[in-house]
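First the structure, in the form of structure tokens, and then the observations on it.
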Amino acid sequence: MDNQPPSPALLLARLQRIPTTWHSWVIVLLAAGALVIEALNIGSLSITLPIIKKTMALTPRDTGMLAASSALGIVIGMIPTGYLADRFGRKRLLIFGVMWFAGGTAISAFSPNFPTLVVLRGMTGFGMAPAFIMPYTLTSEIVSSTTRTAFAGLLETALGVGYLLPPIIGMAVIPNFPPEYGWRVFTFLCGVPVIYVVLIWRFLPESPRWLHRVGRYHEADGIICRFEAIAERKCGKRLPLAVVDAVTESVSASDYTAPKFWWSLGQVWKPPYLFRTIVMTIGATSLFSMFYISVNYLPSIFLEKKVVLESALFFTLITTATQIPWKILNGIAAEHFGRKKVFFVYTILAAISTYEFTLAQSTLTMVLWGMVMFSSSGASPSFKMWYAEQYPTRIRATGQSVVEGLGGRFFGGVVWTAVFPVLLSNVGLHLSMMIGVGIMIAGMLVVTAFAPETARRTVESLEAA
Numbered sequence: 039m040d041n042q043p044p045s046p047a048l049l050l051a052r053l054q055r056i057p058t059t060w061h062s063w064v065i066v067l068l069a070a071g072a073l074v075i076e077a078l079n080i081g082s083l084s085i086t087l088p089i090i091k092k093t094m095a096l097t098p099r100d101t102g103m104l105a106a107s108s109a110l111g112i113v114i115g116m117i118p119t120g121y122l123a124d125r126f127g128r129k130r131l132l133i134f135g136v137m138w139f140a141g142g143t144a145i146s147a148f149s150p151n152f153p154t155l156v157v158l159r160g161m162t163g164f165g166m167a168p169a170f171i172m173p174y175t176l177t178s179e180i181v182s183s184t185t186r187t188a189f190a191g192l193l194e195t196a197l198g199v200g201y202l203l204p205p206i207i208g209m210a211v212i213p214n215f216p217p218e219y220g221w222r223v224f225t226f227l228c229g230v231p232v233i234y235v236v237l238i239w240r241f242l243p244e245s246p247r248w249l250h251r252v253g254r255y256h257e258a259d260g261i262i263c264r265f266e267a268i269a270e271r272k273c274g275k276r277l278p279l280a281v282v283d284a285v286t287e288s289v290s291a292s293d294y295t296a297p298k299f300w301w302s303l304g305q306v307w308k309p310p311y312l313f314r315t316i317v318m319t320i321g322a323t324s325l326f327s328m329f330y331i332s333v334n335y336l337p338s339i340f341l342e343k344k345v346v347l348e349s350a351l352f353f354t355l356i357t358t359a360t361q362i363p364w365k366i367l368n369g370i371a372a373e374h375f376g377r378k379k380v381f382f383v384y385t386i387l388a389a390i391s392t393y394e395f396t397l398a399q400s401t402l403t404m405v406l407w408g409m410v411m412f413s414s415s416g417a418s419p420s421f422k423m424w425y426a427e428q429y430p431t432r433i434r435a436t437g438q439s440v441v442e443g444l445g446g447r448f449f450g451g452v453v454w455t456a457v458f459p460v461l462l463s464n465v466g467l468h469l470s471m472m473i474g475v476g477i478m479i480a481g482m483l484v485v486t487a488f489a490p491e492t493a494r495r496t497v498e499s500l501e502a503a
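Shown next, in the form of structure tokens:
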């Protein structure tokens, strides 16, 4: 009997009834650590960009190209990421991603010239693509439906913590070296945390839902048994019997074959997912457009307003720090009030604060509005979970890759990040930022009008919808 495979439907039913425990927190925190390292690597360029611009005599076009290079790498990396994760597993892709981008960042510190630096920064994006998506995929497929978006807020908080590190490290390292060496030492240090992959490999479990979908029932059963034992120790009693409802039975009974790349990619562009993909891609463009401006150009914007470099780094640190509580609040609020309402409120706050930020005359007013601008544009905890919930397990990572890669990273990252410094030099800060506000509001209206609400629904009920 021990060799008989566990009932596939019963596996999902058992997983659904497991409450949130300290073990859930450990899993999410392990995934969050990868995002801290990723944010450190992404944010590092905003600290070094003003220095590199001077030492390498970059034009506005060169500046935009360098700022957009990693985003372009992410877009290219997103193309196979979803398929590879659906084919080979979430955990493997996360480990590969962290190794690739952190190692690439360290190597880029030795770039002999501008073209080499652009290429190496672009190549780090290949690894950032899976590292951006896999923590959310694992969280959506492992934790309870009642805490999914709250944990997404924790993941986004990890990004916030990661974005705090570049100005802190920059203030400690860069002033102690000549400009031509300071940015190199700083960049190399940002790649050292690559050793974190050992912890992911050792302690982070694979998604039992993915194992179920690929027919590896015994492995899924082993992971779920461990979850159940921990939950029962916490509760001091046995968990209630798992009940297989019609939705779970239907999802479990669907045949599995290893997805082909073009099949997986094609599914997200066919009904019933076509309209969802278009709507969420527009939303991702609106969200990430302001995010990339904040991440890549905030110190440069402070310098544009005649703030000295050391003060610009300090103000960037303060502005970035305020996003952490806002991200936590975003995840909790979206679980209670729904994804749509929270996304609407955060976008409106971002639009108002961006407008006031560009008009601010005093440093204090500029920093205060900058804090709200950066925080409100960080509505991504609920939004990232929202678009992950639009797709079934079989193509979830592919759907996430398309939405984030095309909307967030290509239109919001590559295109807008490359265009922004050119706009800045031609039409000024205020008008450039107002164009960004227009993009945000337009995308928000589309998403809130047409995207289905997914709050507090199980993964299986969403798959059957």
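Going by our numbering, the letters in the sequence shown line up with residues 39 to 503, in that order.
Virtual Cβ for every residue (Gly too), placed ideally from N, Cα, C.
Here the structure is a predicted model, which is why all the values come from computation and not from measurement.
Nearest-angstrom Cα separation, counted from residue j out to residue i
i, j, result
"Met39", "His250", "Legend: pLDDT at Met39 = 43, less than 50; position of this residue unreliable, no value from coordinates given."
"Ala280", "Ile89", "59 Å"
"Ala322", "Ala109", "14 Å"
"Val211", "Thr143", "17 Å"
"Leu68", "Ile56", "19 Å"
"Thr492", "Ile316", "17 Å"
"Phe381", "Phe488", "13 Å"
"Ala70", "Phe395", "31 Å"
"Thr184", "Lys344", "47 Å"
"Gly445", "Arg271", "44 Å"
"Ser327", "Pro309", "28 Å"
"Val156", "Thr455", "14 Å"
"Ile145", "Leu158", "8 Å"
"Leu467", "Ile386", "20 Å"
"Phe458", "Asn334", "10 Å"
"Gly443", "Ala47", "33 Å"
"Thr187", "Arg434", "16 Å"
"Glu348", "Gly476", "32 Å"
"Val460", "Asn214", "32 Å"
"Pro490", "Ser332", "29 Å"
"Met404", "Gly474", "18 Å"
"Met103", "Val453", "10 Å"
"Ser107", "Phe265", "41 Å"
"Met423", "Thr93", "41 Å"
"Phe375", "Val485", "16 Å"
"Tyr255", "Arg432", "15 Å"
"Arg447", "Ala398", "29 Å"
"Ile207", "Phe421", "30 Å"
Option in the options with minimal Cα separation from residue i
i, options, result
"Gln361", "Ala196, Val484, Gly376", "Ala196"
"Leu237", "Leu402, Val64, Asp259", "Val64"
"Ile75", "Gly160, Ala47, Leu203, Thr177", "Leu203"
"Val113", "Val485, Ile206, Val460, Gln438", "Gln438"
"Ala169", "Leu193, Thr154, Pro98, Ala147", "Leu193"
"Arg222", "Ala51, Glu244, Ser149", "Ser149"
"Val230", "Glu244, Leu242, Phe139", "Phe139"
"Pro430", "Ala51, Val66, Asp124", "Asp124"
"Phe134", "Gln428, Glu218, Val232", "Val232"
"Glu257", "Lys91, Gly127, Thr358", "Gly127"
"Leu96", "Ala359, Phe226, Phe152, Phe449", "Phe152"
"Ser391", "Thr357, Leu227, Met318", "Thr357"
Presumed contact (8 Å Cβ cut-off) between residue i and residue j, rounded CB distance
i, j, result
"Val252", "Ser62", "Incorrect: roughly 23 Å between the Cβ atoms, too far for contact."
"Leu122", "Leu131", "6 Å"
"Leu73", "Pro173", "6 Å"
"Ser302", "Gly120", "7 Å"
"Ala372", "Pro419", "7 Å"
CB contact flag (residue i, residue j, <8 Å)
i, j, result
"Leu406", "Pro246", "no"
"Trp248", "Glu179", "yes"
"Leu49", "Ile262", "yes"
"Pro363", "Ala350", "no"
"Gly200", "Leu78", "yes"
"Ile479", "Gly191", "no"
"Tyr234", "Val136", "yes"
"Gly163", "Ile320", "no"
"Thr101", "Leu83", "no"
"Asp259", "Pro44", "yes"
"Phe329", "Met209", "no"
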